[in-house]
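Colleague:
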Amino acid sequence: MRRKRVLLLSEGFGSGHTRAAYALSENLRQLHPGIQTRVMELGSFLHPTLARWVFSAYRKTVSSQPKLYGKLYRFQYKKPLNPLTQLALHRIFYAQTSQLISRLQPDTIVCTHPFPSIVVSRLKRAGLNVPLCTVITDYDVHGTWISPEVNKYLVSSQQVKIKLMKRGVDQRRIDITGIPVHPSFRQSPDKEDLRLRLGLNPLPTVMVMGGGWGLIGSDTLLTSMTQWKEELQFIFCFGNNGKALERCMQDSRFQHPNIKLIGYTNEIDKLMEVSDLLVTKPGGMTCSEGLAKGIPMLFYEPIPGQEEKNMQFFIESGCAELIKREETIHRRFKELTEYGAELQEQREMKRRNAQTGWESDYSAIIWSLLQKEEQQSV
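Numbered per the working numbering, the sequence shown spans residues 17 to 394.
(1) Straight-line CA distance for R367 to F270?
(2) Please classify G258 as buried or exposed, where buried requires at least 16 neighbouring CB atoms within 10 angstroms.
(3) Measure from the alpha carbon of S200 to the alpha carbon of each residue in S304, F252 and L116, then state which is nearest.
(4) Assign G373 to buried or exposed, taking buried as 16 or more other Cβ atoms, counted over all protein chains shown, within 10 Å of its Cβ.
(5) Would you check if there are 3 or more beta carbon pairs closer than 8 Å linking the region 107-114 to the region 333-352?
(6) Kindly list the residues whose CB is nearer than 8 Å to the CB of L359, restricted to its own chain and excluding five residues on each side of it in sequence; keep chain order.
(7) Could you give the distance in angstroms between the alpha-carbon of V197 and the alpha-carbon of G86?
(8) So which of Y89, C149 and G306 has the shortest CA-CA distance to P122?
(9) Going by alpha carbons, who is nearest to T34 out of V290, F91, P132 and L97?
(10) Which residues share a DSSP beta bridge with Q249?
(11) Considering only the alpha carbon of each residue, which of N217, L24, G30 and L58 lies closest to N9?
(12) Considering just the uninterrupted stretch of the beta strand (DSSP E) at F315, what are its terminal residues?
(13) Given that a residue counts as buried once 16 or more other Cβ atoms are within 10 Å of its Cβ, and exposed if not, what is R18?
(14) Buried or exposed: which applies to W69, given that a residue is buried once 16 or more other Cβ atoms fall within 10 Å of its Cβ?
(15) Write down the C-beta distance between K20 and L385 rounded to the nearest angstrom, noting that I regard them as a contact closer than 8 Å.
(16) If we count the other Cβ atoms within 10 Å of its Cβ and call it buried at 16 or more, is G181 buried or exposed?
(17) Can you tell me the Cα-Cα spacing of L277 and T236, whole angstroms?
(18) Around the C-beta of H272, are 16 or more other C-beta atoms found within 10 angstroms, so that it is buried, or is it exposed?
(19) Hey, quick one: how far does the alpha helix (DSSP H) through R119 stretch, first residue to last?
(20) Do R202 and A308 have their beta-carbon atoms positioned less than 8 Å apart in this structure?
(21) Our contact map puts M223 next to M288 with C-beta atoms below 8 Å; I'd like the distance itself, whole angstroms only.
(22) Under the three-state reduction of DSSP, which class applies to Y280: helix, strand or coil?
(23) Across the region 150-157 and the region 47-57, are there enough close Cβ pairs to call them in contact, namely three or more that are closer than 8 Å?
(24) Just the Cα atoms here: how many angstroms apart are M365 and S172?
(25) Out of T77, L214, L144 and R188, which one is the CA nearest neighbour of P320?
(26) Consider the C-beta atom of I51 and the heavy atoms of the ligand SAM; say whether any pair is separated by less than 7 Å.
(27) Whose CA, out of G30, L62, P96 and L40, lies closest to the CA of A73?
(28) What does a CB cutoff of less than 7 Å around E323 pick up in its chain, not counting 5 residues either side in sequence?
(29) Is S304 helix, strand or coil when you go by DSSP?
(30) Which first and last residues belong to the beta strand (DSSP E) in which V171 is found?
(31) What runs of the alpha helix (DSSP H), each 4 residues or longer, lie entirely inside the region 20-60?
(32) For the putative contact between F109 and G32, defined by C-beta atoms under 8 Å, what is the C-beta separation to the nearest angstrom?
(33) Under 8 Å, do T101 and P130 count as touching if we go by C-beta distance?
(34) Since D191 contacts K207 with CB under 8 Å, what's their CB separation in whole angstroms?
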């Protein structure tokens with residue numbers, strides 16, 4: 017009997033969509049070892065050169081013109097892509113998707129970015145008979161995610177479910193699961209062992225993310241944080257942004273035993289585990305990983321659009337605070353030095369709530385789609 021196959025499609029507009037796909041793939045294989053999964057950034061696979069140019073242009077727009085990006089986001093907020101735009105997207109970028117699916121023969125397709133979801137939906141209208149599951153990787157729902165051909169939506173919160181229902185999606189097609197995170201973010205390894213292995217000091221630790229796109233924060237923000245380098249330890253994560261990493265390595269503010277500068281790493285889960293506070297931009301995936309770890313978060317400079325919606329959700333949930341002025345940083349850092357034990361107890365409670373609070377398990381839902389597809393084919 018042929019093993020069940022799940023094709024997970026993402027895109028490279030930021031790393032979060034693809035991290036969600038890999039997290040879901042790992043969860044599926046752990047739950048059902050007989051499943052075959054394949055994760056693919058669809059546009060990059062079909063047109064690697066064109067994709068690099070598109071993603072680079074996107075990053076530059078988001079970084080240098082966030083207000084313009086916000087206007088574009090709001091303009092399309094309540095509307096799916098019109099048929100002409102969908103056709104252009106398919107012809108330019110995704111024309112070979114049908115052949116790819118025929119070759120891989122998946123039993124279910126899971127999309128963690130709206131573009132592949134749009135393309136597969138279009139193929140389903142043309143006769144493709146494969147269940148489509150779409151994972152919305154933010155704490156809001158943009159119009160481009162919505163299509164009547166989607167068999168199941170996996171969403172982050174009750175608020176997102178309500179928004180989908182208001183836009184005509186049957187509630188039976190929506191499950192609240194949270195955003196998929198890798199199983200390692202649900203583990204609780206020994207912190208002392210981790211500190212020793214990572215070469216860290218036994219101090220209250222602040223982890224700073226967002227450097228991959230050159231968004232590590234304003235110069236004023238960095239100065240305010242590094243003033244605390246005698247009392248606190250800092251881990252700055254730069255992702256693939258080698259230029260920003262090199263620039264900070266030459267900056268005297270960062271030349272201190274309590275400051276660690278890190279490029280790309282696969283150990284974000286471990287770094288979050290040994291950290292006591294996360295300073296980050298409110299991307300859906302990073303926030304979900306932080307939520308799974310129970311780590312309190314400080315947000316800076318949210319990009320207009322989905323990051324603002326993510327920020328609103330986490331602030332209202334009591335898991336995060338927006339940095340509005342320098343005083344916010346100094347107040348929170350002072351709390352780390354004075355109330356470390358109490359804050360750790362609060363964190364453990366948030367971690368437990370995060371691990372038991374979702375209404376459904378995403379891996380089990382996708383497995384049920386596979387079973388339904390099998391029953392229909394008998």
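Each residue gets a CB set at the ideal place from its N, CA and C atoms; glycine is no exception.
Only a predicted model underlies this, so the values are computations on that prediction, with no experimental measurement involved.
Modeller: A quick look at the data gives this:
(1) For this step, residue 367 is matched to residue 351 along the sequence shown. For this step, residue 270 is matched to residue 254 along the sequence shown. R367 and F270 have their C-alpha atoms spaced approximately 31 Å apart.
(2) Start at 1 with the first residue of the sequence shown, and residue 258 comes out as number 242. So G258 ends up on the exposed side.
(3) Working through the sequence shown from its first residue, we reach residue 200 at position 184. Nearest C-alpha to S200: S304.
(4) Position 357 of the sequence shown, counting from 1, holds the residue named residue 373. Residue confidence is low: G373 scores 49 on pLDDT, short of 50, so the model does not pin down where it sits. Its coordinate-derived value is still stated next. Its Cβ having fewer than 16 others within 10 Å, G373 is exposed.
(5) With a cut-off of 8 Å, the region 333-352 and the region 107-114 do not count as touching, because too few Cβ pairs lie within range.
(6) Along the sequence shown, one-based indexing puts residue 359 at 343. Hits under 8 Å: D292, P312, E351 and L352.
(7) Your numbering for residue 197 matches position 181 in the sequence shown. Your numbering for residue 86 matches position 70 in the sequence shown. Computed Cα separation, rounded: 27 Å.
(8) Locating residue 122 in the sequence shown gives position 106, where the first residue counts as 1. The shortest Cα separation from P122 among Y89, C149 and G306 belongs to C149.
(9) Here the question's residue 34 lines up with position 18 in the sequence shown. Comparing Cα positions, the closest option is P132.
(10) Here residue 249 refers to the residue found at position 233 of the sequence shown. In the DSSP assignment, the residues bridged to Q249 are T221.
(11) The question about residue 9 has no answer here: the residues shown for the chain are numbered 17 through 394.
(12) Here residue 315 corresponds to residue number 299 of the sequence shown, with the count starting at 1. Per DSSP, F315 belongs to the beta strand (DSSP E) from M313 to F315.
(13) Working through the sequence shown from its first residue, we reach residue 18 at position 2. Residue burial annotation: R18 is exposed, with fewer than 16 other C-beta atoms found within 10 angstroms of its C-beta.
(14) Along the sequence shown, one-based indexing puts residue 69 at 53. It is exposed - the Cβ of W69 has fewer than 16 other Cβ atoms within 10 Å.
(15) The residue given as residue 20 occupies position 4 in the sequence shown. The residue given as residue 385 occupies position 369 in the sequence shown. For a cut-off of 8 Å, the C-beta gap from K20 to L385 is around 10 Å, too long to register as a contact.
(16) Mapped onto the sequence shown, residue 181 falls at position 165. Going by the sequence as given, residue 181 is Met instead of Gly. Here M181 is exposed: its Cβ has fewer than 16 other Cβ atoms, across all protein chains shown, within 10 Å.
(17) As a first step, residue 277 is located in the sequence shown; it is residue number 261 there, counting from the start. As a first step, residue 236 is located in the sequence shown; it is residue number 220 there, counting from the start. Answer to the nearest angstrom: the Cα atoms are 18 Å apart.
(18) Translated into positions along the sequence shown, residue 272 becomes position 256. An exposed status is given to H272, since fewer than 16 other beta-carbon atoms sit within 10 Å of its beta-carbon.
(19) As a first step, residue 119 is located in the sequence shown; it is residue number 103 there, counting from the start. Segment T113 to L120, the alpha helix (DSSP H) holding R119.
(20) Counting from 1 along the sequence shown, the entry for residue 308 is found at position 292. Counting from 1 along the sequence shown, the entry for residue 202 is found at position 186. A308 is a Cβ neighbour of R202, given a cutoff of 8 Å.
(21) The sequence position of residue 223 within the sequence shown is 207, counting from 1. The sequence position of residue 288 within the sequence shown is 272, counting from 1. So it is a contact: roughly 6 Å between Cβ atoms.
(22) Position 264 of the sequence shown, counted from the start, is the residue given in the question as residue 280. If DSSP states are grouped into helix, strand and coil, Y280 belongs with coil.
(23) Touching, no, given that fewer than three Cβ pairs across the two stretches are closer than 8 Å.
(24) Walking along the sequence shown from the start, residue 365 turns up at place 349. Walking along the sequence shown from the start, residue 172 turns up at place 156. Straight-line Cα distance between these residues: approximately 20 Å.
(25) One-based indexing of the sequence shown puts residue 320 at position 304. When only C-alpha atoms are compared, the closest one is T77.
(26) By its list of ligands, the structure shown contains no ligand whatsoever, and the ligand SAM lies outside what it can speak to.
(27) Within the sequence shown, the letter at position 57 stands for residue 73. Checking every option, the nearest Cα to that of A73 belongs to G30.
(28) Translated into positions along the sequence shown, residue 323 becomes position 307. K297, P298 and G299, listed in sequence order.
(29) Counting from 1 along the sequence shown, the entry for residue 304 is found at position 288. Three-state result, S304: helix.
(30) Counting from one through the sequence shown, the residue named residue 171 turns up at place 155. Run containing V171: K168 to V171, per the beta strand (DSSP E) assignment.
(31) Counting only runs of at least 4 residues, the region 20-60 fully encloses the following alpha helix (DSSP H) elements, listed from N- to C-terminal order: 32-47.
(32) Residue mapping note: residue 109 aligns to position 93 of the sequence shown, counting from 1. Residue mapping note: residue 32 aligns to position 16 of the sequence shown, counting from 1. The pair is not a contact, with the Cβ atoms about 20 Å apart (cut-off 8 Å).
(33) In the sequence shown, the residue the question calls residue 101 occupies position 85. In the sequence shown, the residue the question calls residue 130 occupies position 114. Contact flag unset, no.
(34) By one-based count along the sequence shown, residue 191 stands at place 175. By one-based count along the sequence shown, residue 207 stands at place 191. Incorrect: roughly 34 Å between the Cβ atoms, too far for contact.
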